[in-house]
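S.K.: Before I ask anything, let me first share the structure, which is written out below as C-alpha cells.
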Amino acid sequence: TASFSFLVDPLSSLFLLIITGVGFLIHVYSTGYMKEDEGYARFFAYLNLFVFFMLLLVLGDNYLIMFVGWEGVGLCSYLLIGFWFKNTDYNKAARKAFIMNRIGDLGFLLGILLIFVTFGSVSYESVFDTAASPGAGFSNNAVTTAICLLLFVGAMGKSAQIPLYTWLPDAMAGPTPVSALIHAATMVTAGIYMIARSNILYTLSETAMTVVATIGILTALFAATIGIFQNDIKKVLAYSTVSQLGLMFLGLGVGAYTGAVFHVMTHAFFKALLFLAAGSVIHAMHHEQDIRRMGGLKKYLPVTFATFLIGTIAISGIPPFAGFFSKDEILAHAYMHNKFFWFLGVLTSMMTAFYMFRLLYLTFYGEFRGTEEQEHHLHESPKSMTVPLMVLAGLSVAGGFLGVPELFAHGAHWLHGFLEPSFERSAMRMYTSHASHAEEYAIMGFAVLGAVAMWYLAKKHYSEPDNVPAEDDEEVNPVQKVIYNKYYVDEFYEAVITKPLNRISEFFYGIVELRFVDAIVNGIGDTVKWLAGIFRLAQTGNIGFYIFAMVISIVVILFIKIM
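Mapping the sequence shown onto the working numbering, position 517 (from 1) lands on 1295, and the numbers just tick up by one.
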C-alpha cells in the first residue's frame, strides 16, 4: 500500500533546509545573472518546478512518492540543461542527461517493485519495521541484497557514479545557476538521500554496503584525476562534484550515514559558492570559460575572488572550514572499516586540493591572458550576485561547526544527535570499532598536511606565468592527453553502445517498420479505401437515380415477400 502523505523527520528536515536555503540564494543570484536573458520567466518557472519535485522527493513517506519526485527532477534537469535550446550541443547534453538517468531509473523502479513483492508495501515505516524485526530473516538475504543493488543503480544514475557519470560534466551546458542547483542542493544529492533513507536495508546487506563503498571511492579517485587537467572553469567544478559524491557514497558504504549527510550539507554550501563565483567570473568575462584566457582577475573581482578562495579552502578539507569536518568524519570511518579505502580517500582529497588551487591561481593570479576588449569590460558583479556569494562563504566557514568531532567537542556532536533518530536502528546493528585519540589525530593530520602540501605545490607551479596549460593543438605527453580527454569514456560509449544501437534501430526501421508494420497498416488503409470506392459508386448525387434505386428496392422486397 502507499498513501500520498509526507514524512518530516530529522533526515528530511535537514534536506529541506539545504534545498530551500541554498535554493533561495541561487534564486536571488539568478535575478542578476539572467536579467538580460529573453527566457527570464521560463527560467524561473523551470527552476521552481525543479525545487518542487526535489521537495516532493525528500518529503514523501514512501518509495512511490519518492519516485514521482525522482522522475520530476530528471524532467526538470532536461529542461534546464537544454534551456538555451537553440544551441545543438546544449540539446545533446540535455538528451544525454535524460537518457542516462533513465538507465538508472529503471534499476530504481525494479527495486521498488521488488520491495513491494517482498514486503507487500512501499511505505518506509512498514518496510523498515518488517526488515528490521528479529527473526525476519532479511539479514544478508539474497533478496535484500538485490533490492539494495537495484536501488543503488538508481542512485548511480542520479548521483553520477561510475559508469553513469558522464552526463554530469555535460550538464554544464545550462546556465550557471542551474549548475549550482543541480550540483549543490538538488538533483545529485537525491541518490545520497535515497540510500540514507534506506539505511536499514543497506545495513542488512554487507555485500551491498561493500559495493556502494567500492563504487564510491573509485568514482571519487577517477573523477579527481580528470579534474586536474581540465581547463574549463565549470568542467573542473563538475568533476569535483562527481568526486565529492563518490566520497559521500564511500561514507554510506562504510556506515558513516551521518558523515555522508553532513558532507551533503557542507558540500551544498561550498559547491554552490564555487559555481556561483565561477558564474560571476564568466559574467565578467562575457561568457568565456577557459581558464587559460583568464588570470589576474582578483584585482577586478575582489568579492568574487575572496569568496572563491573560501570555497576552495573549504572543499580542500583545510580547518576550520566546513569541508574539513565532514570529510574527516568520512575518512575516519573509512580508516576503521577498510584502510585501503581510507588511503584512496586521502589521495582523492589531496588531488582535490591540487586541482582546486590550480583553478584558483590560473583564474585570479598572474597577468590577464584574455583580450583587451575583455579586460576593458571587467567589473565586479552586481549585489544581487555578490550578496549570495558572501552568505554562502559565511556558511562555508561556519557550517562545519554543526558537526565538530567528538575529539574536540567532548562528545557534543550536534548533527549526530540531531540525525540519531533516523539512523539509530542501523547503528545498533553495526559493529563499529573506534579509533584511539592518537589515531584520530594522525588520520586528521595526515589529510590536512596532504591538502596543505598540494596547496603549496599548486601555488608554486601555477603562479608562474610560463606554466599556463597547453593549448588543445599543442603536443602533450600521452598520459596527460588521455586524462585531458577524460579517458575517452564518452568515445568508448559511443563506439560500443550508441553506434551499435543506432545500427540495430536503423535495421528494424528499414526492415520491420517500413516493410512489415507499415505494409500491414497501409494495406488495411488501402483495403478500406477500395471498399469505400465501391460503395461510393452508389452516391451519384442524381435524384432520379435515387428514386429509381428506391423503386427497384421496393420491387425486390415485395418479390421476396410474395415468394
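We put the beta carbon where it would ideally sit given N, CA and C, even for glycine.
It should be emphasised that the depicted structure is a prediction, and the values quoted were computed from it without experimental measurement.
Here's a check: name, in chain order, each residue in its chain whose Cβ is nearer than 6 Å to the Cβ of residue 1103, leaving out the five neighbours to either side.
M.R.: So the list reads 1178 and 1181, once near-sequence residues are dropped.
S.K.: Which whole-angstrom value describes the C-beta separation of residue 1224 and residue 1124, a residue pair presumed to lie in contact below a C-beta threshold of 8 Å?
M.R.: Contact holds; Cβ gap of about 6 Å.
S.K.: Quick one: what does DSSP say residue 1301 is sitting in, helix, strand or coil?
M.R.: Of the three classes helix, strand and coil, the one that applies to residue 1301 here is helix, per DSSP.
S.K.: What does residue 901 pair with, by DSSP beta-bridge criteria?
M.R.: Answer is 840.
S.K.: Assign residue 991 to one of two classes, buried (16 or more other C-beta atoms within 10 Å of its C-beta) or exposed (fewer than that).
M.R.: By the 10 Å Cβ count, residue 991 comes out buried.
S.K.: Do residue 1043 and residue 837 have their C-beta atoms closer together than 8 Å?
M.R.: Their beta carbons are not under 8 Å apart, which means residue 1043 does not touch residue 837 by this criterion.
S.K.: Check whether the Cβ atoms of residue 1028 and residue 1119 sit closer than 8 Å, and answer yes or no.
M.R.: Contact flag set, yes.
S.K.: Who are the near neighbours of residue 1090 in its chain, counting only those whose CB is closer than 8 Å to its CB and skipping five residues on each side?
M.R.: Excluding positions up to five away in sequence, the list reads 1052, 1134, 1135, 1137 and 1138.
S.K.: Report the partner residues of residue 1010 according to the DSSP bridge assignment.
M.R.: Paired residue(s): 1068.
S.K.: For residue 784, which beta-bridge partners are listed by DSSP?
M.R.: For residue 784, which the question treats as bridged, DSSP gives the partners 838.
S.K.: What are the boundary residues of the alpha helix (DSSP H) that includes residue 1153?
M.R.: Per DSSP, residue 1153 belongs to the alpha helix (DSSP H) from 1150-1154.
S.K.: If you reduce the DSSP assignment to three classes, tell me which class residue 1280 lands in.
M.R.: Correct three-state label for residue 1280: helix.
S.K.: From what residue to what residue does the alpha helix (DSSP H) around residue 815 run?
M.R.: Premise fails: residue 815 is in no alpha helix (DSSP H) and is neither H nor E.
S.K.: Classify residue 1238: buried if its beta carbon has 16 or more other beta carbons within 10 angstroms, exposed otherwise.
M.R.: By the neighbour-count rule (16 or more Cβ atoms within 10 Å), residue 1238 is not buried but exposed.
S.K.: For a test of the three-state rule: what should DSSP assign to residue 1034, helix, strand or coil?
M.R.: DSSP places residue 1034 in coil when its eight states are reduced to three.
S.K.: Can you tell me whether DSSP reads residue 737 as helix, strand or coil?
M.R.: Shown here, the chain extends from 779 to 1341; a query on residue 737 therefore has no answer.
S.K.: Evaluate the contact criterion for the region 1031-1049 versus the region 1096-1110: three or more CB pairs, one atom per stretch, below 8 Å.
M.R.: Yes: at least three Cβ pairs fall under 8 Å.
S.K.: Given this structure, state the Cα-to-Cα distance separating residue 886 from residue 1033, to the nearest angstrom.
M.R.: Approximately 21 Å, taken between the alpha carbons.
S.K.: Rounded to whole angstroms, what is the Cα-Cα separation between residue 1077 and residue 1228?
M.R.: About 29 Å.
S.K.: Would you identify the three-state DSSP class for residue 862, choosing helix, strand or coil?
M.R.: Coil, per DSSP.
S.K.: With DSSP collapsed to three states, give me the class of residue 890.
M.R.: Helix at residue 890.
S.K.: Are the beta-carbon atoms of residue 979 and residue 926 separated by less than 8 Å?
M.R.: Against a cut-off of 8 Å, the Cβ pair of residue 926 and residue 979 comes out as a contact.
S.K.: Could you spell out where the alpha helix (DSSP H) holding residue 977 opens and where it closes?
M.R.: That run of the alpha helix (DSSP H) goes 977-981.
S.K.: Cutting at 7 Å between CB atoms, please list the residues of its own chain near residue 1005, excluding the five before and the five after it.
M.R.: Hits under 7 Å: 1014, 1017, 1018, 1021 and 1133.
S.K.: Could you spell out the range, first to last residue, of the alpha helix (DSSP H) harbouring residue 1326?
M.R.: Unbroken alpha helix (DSSP H) run through residue 1326: 1321-1340.
S.K.: Do residue 1050 and residue 945 have their CB atoms nearer than 8 Å?
M.R.: No.
S.K.: Measuring CA to CA, which of 1287, 1099 and 964 is closest to residue 848?
M.R.: If we check each option's Cα against that of residue 848, 964 comes out closest.
S.K.: Whose C-beta lies closer than 8 Å to the C-beta of residue 1258 among residues of the same chain, with five residues either side of it excluded?
M.R.: Counting only Cβ-Cβ distances below 8 Å, and skipping sequence neighbours, we find 1007.
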